[in-house]
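The block underneath contains the structure these notes are about, expressed in structure tokens.
2 protein chains.
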Amino acid sequence: MSKTDTTTDLARYCQELADRAQAATRQLAGTTGEKRTAALRRIAEHLLTRSQAIIDANAKDLAAARAAGLSDALVDRLTLDEKRVRAMAETVGQIAGQTDPVGQIIEGHTRPNGLRIEKVRVPIGVVLIIFESRPNVTCDAAALCIKSGNAVILRGGKEAVYSNAAIAACVRDGLTEAGLDPNCVQLVETTDRAAVGHLLKLEGKIDLAIPRGGESLIRAVVKQAHIPVIKHYTGNCHVYVDAGANDQMALDICMNAKTQRPGVCNAAETILFHQAAADRGLLTRVCDELAIAGVQVRGDERTRRLFPAVAAATEDDWRTEYLDLTIAVGVVDSLDQAVDHINRYGSKHTDAIVTSDIGAAQRFVGGVDSANVMVNCSTRFSDGGQYGLGAEIGISTDKLHARGPMGAADLTTYKWVVRGDGQVRG
Amino acid sequence: MSKTDTTTDLARYCQELADRAQAATRQLAGTTGEKRTAALRRIAEHLLTRSQAIIDANAKDLAAARAAGLSDALVDRLTLDEKRVRAMAETVGQIAGQTDPVGQIIEGHTRPNGLRIEKVRVPIGVVLIIFESRPNVTCDAAALCIKSGNAVILRGGKEAVYSNAAIAACVRDGLTEAGLDPNCVQLVETTDRAAVGHLLKLEGKIDLAIPRGGESLIRAVVKQAHIPVIKHYTGNCHVYVDAGANDQMALDICMNAKTQRPGVCNAAETILFHQAAADRGLLTRVCDELAIAGVQVRGDERTRRLFPAVAAATEDDWRTEYLDLTIAVGVVDSLDQAVDHINRYGSKHTDAIVTSDIGAAQRFVGGVDSANVMVNCSTRFSDGGQYGLGAEIGISTDKLHARGPMGAADLTTYKWVVRGDGQVRG
């Protein structure tokens with residue numbers, strides 16, 4: 284097959300994926316929440332009863348990953364076992380039990396001329412989710428899209444191709460058994476990278492793209508897309524220890540934010556100390572504890588003067604999401620300097636202040652331009668589950684449409700419905 | 284100056300515009316609604332006291348427009364007189380009087396572990412608005428952005444360059460007098476089309492682009508943008524006259540939707556009749572009245588069988604927003620066929636059904652994928668003012684972030700603020 288044929292075929296394949304998804308949304312528009320919930324319950328059952336088949340499929344991906352020399356961390360992210368499959372089924376069950384966002388009246392009122400105006404929550408339509416190696420995203424994303432009445436096209440990492448296919452089979456069977464179109468959930472079944480480029484240009488057929496993953500993936504999506512994108516950058520999260528911090532609280536929060544689960548997006552990557560907090564011994568105390576916990580500290584000049592046993596932080600360190608037991612530490616002269624640093628180097632994900640000074644807390648909350656701003660608690664709390672919102676499709680680092688933890692309701696839009704009895708405009 | 288120099292200079296100019304806007308947002312973040320309201324009141328005063336200067340500036344644009352042979356409709360859109368300037372000042376005053384959206388708590392609750400979680404409305408940041416000939420957009424957009432705490436970069440049509448500059452001078456003076464940075468509102472002061480391309484690539488510096496205008500303008504913006512875009516396509520609006528329509532109501536709504544103000548985006552461009560409604564004489568009655576009102580009707584085959592005195596509608600007619608006294612008329616076999624036609628040819632703006640059948644109304648509301656769906660009233664009501672929302676920056680035909688009439692609150696995002704007293708995650 285010539286290059287041109289392949290490109291044409293790939294473009295046609297992507298068009299057909301989108302057309303099938305569009306057809307599925309039209310069917311979804313006419314169904315009840317009861318039917319969507321029934322599908323989710325069936326999917327959860329299939330995941331449990333077919334867990335061995337999923338684990339067997341996963342074993343093929345793992346063998347390929349090891350042969351390709353993937354890092355232990357990546358292999359771990361890719362691995363499914365009985366417990367993880369059960370957790371996936373439980374998440375689907377939880378999503379099934381959540382309130383149906385579709386059809387909610389967001390607001391409404393009657394105008395003086397008698398027109399009744401309602402803002403009604405409706406599905407967005409067709410969502411494209413592009414993600415990397417974790418196969419449970421296939422399941423979570425499918426469940427959240429079904430819950431919210433959207434059709435979804437899933438483009439997973441090539442490392443997880445067998446695992447994703449096994450999970451998607453459970454999802455599609457569940458949809459069919461509940462009387463829904465299985466094309467509500469479709470996997471992109473080619474590993475050709477050009478497919479994403481084609482899909483991202485299908486304005487009018489795909490309503491939204493959500494890339495989840497590393498910065499280079501997301502930048503590539505933004506550059507190519509003609510459709511709206513909600514970006515889920517991983518988090519370069521900060522803890523700022525203010526002059527007015529309670530020392531023990533600051534220590535506990537720094538340790539928890541960095542070490543409780545270093546490989547996730549809401550773990551801290553930089554700690555900034557106010558000079559006064561550093562000078563009274565708090566910097567040394569925190570760095571000591573971090574070192575004991577096996578964390579490699581990289582400090583600016585002032586940090587190294589107080590705690591010489593650390594490597595020098597470079598400009599790059601302030602921008603790095605280590606997702607590992609490494610942290611950058613700096614000293615600032617003021618809260619404003621901390622806010623500027625965070626707005627400059629951060630990823631607008633989650634940033635915390637530790638302070639007992641109510642005015643400082645308020646200035647930090649107002650000044651930091653991030654999706655989640657925490658006062659006197661760990662960055663690790665920025666999470667849909669911890670906020671009590673249920674399962675999330677990720678944490679949006681964007682400002683438009685959805686910001687921070689993004690759940691089923693954030694996968695909806697609204698329409699204005701206006702009901703009259705013959706009103707015309709004079 | 285060589286081509287390269289010009290390009291470099293233009294890129295630098297655009298960067299500097301964005302940098303100044305960014306600096307203005309940082310100042311805005313620390314100001315109160317009182318100060319923003321005071322600026323709006325000063326702007327309204329300047330518009331009134333300097334109306335002659337604005338009209339004089341407008342005269343220069345009008346002279347150039349006539350010399351360039353612009354159509355009467357375009358010249359009319361461009362024209363400012365005493366009354367129109369007063370209307371601009373009144374709109375600014377109304378916006379000043381609206382509730383401040385910034386700082387509203389959208390939702391909030393306390394978690395079992397004591398964390399207090401709030402979703403707080405905050406400005407988006409820097410907004411780029413690209414619009415065509417109407418100079419009042421300069422004023423409306425500036426006022427809505429100031430109200431919502433955003434800095435705005437305005438790129439108007441080259442036909443209105445003198446008018447826009449005179450209006451922007453009033454705006455910037457009002458900002459300065461209220462103690463705000465005049466760079467909260469900046470005009471792009473080059474007519475070089477490449478400037479828009481540069482601005483649309485400033486990811487991280489400009490948070491949102493809103494193009495208002497014709498389809499080709501909007502498509503060009505979407506193709507070039509690396510920043511989020513909310514599209515404001517003009518409206519290809521439909522009235523569907525169901526089998527169950529009240530005849531007199533259908534006639535009144537069709538006439539009002541087409542003829543009350545044909546040049547605006549929520550005027551009707553196509554009427555679809557259910558075969559049963561057409562057959563009982565309603566199509567003839569409506570087409571007769573339209574013809575008497577000077578409307579040129581273009582009909583499909585079935586329409587022309589019932590009302591032979593009309594031109595044949597081509598495929599293009601179903602897609603056309605005439606913004607004029609022309610309308611396409613078709614006959615369908617069923618409500619579903621009407622819904623399919625609207626979803627296929629419409630612009631997702633505003634579509635109406637006339638029916639006394641409650642089931643038909645519900646199916647239409649559920650099936651039509653448009654920002655505004657009207658039951659038994661004119662499409663002309665889809666408007667922020669008519670909905671009681673106050674002034675609008677336009678009518679979004681997009682699904683993400685804001686759909687339909689888009690007011691000051693839609694120019695905000697939110698941040699999650701989480702307050703604790705030392706909580707860490709276990």
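Chains A and B supply the protein sequences, listed in that same order. Using my numbering, read the first sequence as starting at 284 and increasing by one per residue. Using my numbering, read the second sequence as starting at 284 and increasing by one per residue. Ideal placement from N, C-alpha and C gives every residue a C-beta, glycine not left out.
At a beta-carbon threshold of 8 Å, the residues of chain B lying near Asn-659 of chain A are Arg-702, Gly-703, Asp-704, Gly-705 and Gln-706, ordered along the chain. With the criterion set as a beta carbon lying under 9 Å from some beta carbon of chain A, the members of the region 467–497 of chain B are Glu-486, Asp-490 and Leu-491, in sequence order. In the DSSP secondary-structure assignment, Ala-551 of chain B is bridged to B:Cys-520. Contact note: Leu-683 of chain A reaches chain B through Ile-407, Asp-490, Leu-491, Pro-511, Ile-513, Leu-683, His-684 and Thr-696, using a C-beta cutoff of 8 Å and chain order. Exclusion of the five residues before and after Ala-306 of chain B leaves Asp-464 and Asn-466 as the residues of its chain whose Cβ lies within less than 8 Å of its Cβ. Contact between the region 521–531 of chain A and the region 485–500 of chain A is absent: fewer than 3 CB-CB pairs across the two stretches fall below 8 Å.
Sequence-distant Cβ neighbours of Gly-408 of chain A in its own chain, meaning closer than 6 Å and more than five residues away, are Thr-308 and Asp-490.
Against Val-580 of chain A, chain B offers no close residue; the least beta-carbon distance is about 20 Å (beta-carbon pairs closer than 9 Å). Residue-level contact check: Arg-394 of chain B touches chain A, since one or more beta carbons of chain A fall below 9 Å from its beta carbon. Under the Cβ distance rule, Ser-653 of chain B counts among the residues neighbouring chain A, one pair being separated by less than 9 Å. Gln-706 of chain A is not a Cβ neighbour of Asn-549 of chain B, given a cutoff of 9 Å.
One Cα belongs to Asn-539 of chain B, the other to His-632 of chain B, and the distance between them is close to 17 Å.
Contact of Gly-677 of chain A with chain B is not assigned, every C-beta pair being separated by 9 Å or more. If you draw a straight line from the Cα of Ala-372 of chain A to the Cα of Val-512 of chain A, it is about 28 Å long. Residues of the region 292–313 of chain B with a C-beta less than 9 Å from any C-beta of chain A: Thr-308, Arg-309, Ala-312 and Gly-313, listed in chain order. In the three-state DSSP reduction, Ile-388 of chain A falls in the strand class (E or B). Here Arg-646 of chain B is buried, its C-beta having at least 16 other C-beta atoms within 10 Å.
The continuous alpha helix (DSSP H) containing Cys-570 of chain B extends over residues 565–575.
One alpha carbon belongs to Ala-301 of chain B, the other to Val-479 of chain B, and they sit about 12 Å apart. Chain A places a beta carbon closer than 9 Å to that of Phe-664 of chain B, counting this residue as a contact.
Taking a C-beta distance under 9 Å as the contact criterion, Phe-414 of chain B and Ala-424 of chain B qualify as a contact pair.
Annotated as proximal: Ile-378 of chain B and Lys-430 of chain B, with beta-carbon spacing under 9 Å.
DSSP places Ile-413 of chain A in the uninterrupted beta strand (DSSP E) bounded by 409–413. Residues of chain B with a Cβ closer than 9 Å to the Cβ of Val-648 of chain A are, in chain order, Val-403, Lys-698, Val-700 and Arg-702. Going by DSSP, Lys-430 of chain B is part of no beta strand (DSSP E) but of the alpha helix (DSSP H) stretching over 419–430. In this model, Thr-542 of chain B and Gln-579 of chain B are separated by some 11 Å (Cα to Cα). Ile-501 of chain A is positioned such that its CB atom lies no closer than 9 Å to that of Lys-484 of chain A. Between Gln-558 of chain A and Val-614 of chain A a beta carbon distance of about 6 Å is seen, short of the 8 Å cut, so the two are scored as contacting. If you draw a straight line from the Cα of Thr-421 of chain A to the Cα of Pro-494 of chain A, it is about 13 Å long. Around Leu-565 of chain B, the same chain offers Val-524, Ala-528, Asp-530, Ala-533, Leu-534 and Phe-556 as residues with beta carbons nearer than 8 Å, after the five sequence neighbours per side are excluded. Under the 9 Å criterion on CB atoms, Tyr-670 of chain B is classed as interfacial with respect to chain A. Residue pairing from DSSP places Asn-655 of chain B in a beta bridge opposite A:Trp-699 and B:Thr-633.
Just so you know, the alpha carbons of Ala-434 of chain A and Thr-603 of chain B end up roughly 29 Å apart. The Cβ of Ala-540 of chain B sits closer than 9 Å to at least one Cβ of chain A. Collapsing the DSSP output to three states places Asp-704 of chain A in a strand. Boundaries of the beta strand (DSSP E) harbouring Val-403 of chain B: 399–406, taken from the DSSP string.
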